[in-house]
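Basically the working numbering = 1-based index in the sequence shown + 37.
One structure is given below, encoded as structure tokens.
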Amino acid sequence: MSGLFSGRGYNIDAISVGATLDPQISQMTIVTIGDDNIIEQITKQLNKLIDVIKVTDLTEFEHVEREMALIKVAPKAEHRAEALRVVEIFRGVIVDSSPKTYTIQVTGAEDKINAVIEMLRPLGIKELVRTGKVAIAREKKAAAAAPAAG
38 MSGLFSGRGY NIDAISVGAT LDPQISQMTI VTIGDDNIIE QITKQLNKLI
88 DVIKVTDLTE FEHVEREMAL IKVAPKAEHR AEALRVVEIF RGVIVDSSPK
138 TYTIQVTGAE DKINAVIEML RPLGIKELVR TGKVAIAREK KAAAAAPAAG
């Protein structure tokens, strides 16, 4: 996949791969930027790959997208409570702690992840890892039932 992108001068902004319900198949989410022609070319090239089952451009559909970040902060003693408040405000979770650090998990839209990082930065981010986006199409809503004639 990455060879296809780099060989043609396309940039991958984020890539995420994970298992599906079928253990023989993985789903890959690739985030890239380009005009309609570039996206069409990328889609055509991906569809030519033998191992590719289906390519879907989710920008054409209503969809849900999320990221996850693990952020290790090492706040000074007087800022530990503030770090916990930030976690609570952003509905994050402390997944590990030590006498000097908290490791925080935050999931959500890219803007939310960026915002929590900016709030924690002054408190002392020691380490940060972040997934790329994962996305899934929304189901179409059923049309409202017509009232019964009567």
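Here a beta-carbon is modelled for each residue, glycine too, at the ideal position from N, C-alpha and C.
Everything numeric in this text was worked out from a predicted model, so none of it was measured.
**OP:** Give me the Cα-Cα distance between D88 and D59, rounded to the nearest whole angstrom.
**Re:** 15 Å
Q. Are the beta-carbon atoms belonging to T57 and S63 less than 8 Å from one another?
A. yes
Nearest residue (CA-CA) to A152, options I108, G40, A174
I108
*Since K170 contacts E147 with CB under 8 Å, what's their CB separation in whole angstroms?*
7 Å
Please state if the CB of H100 and the CB of A174 are separated by a distance shorter than 8 Å. yes
Task: Cα-Cα separation between I105 and K85, rounded to whole angstroms - done: According to the sequence displayed, residue 105 carries Met and not Ile. When rounded, the distance between both Cα atoms is 31 Å.
Segments of 3+ residues assigned as beta strand (DSSP E) that fall wholly inside the segment 88-172: 100-110, 130-134, 139-145, 162-167
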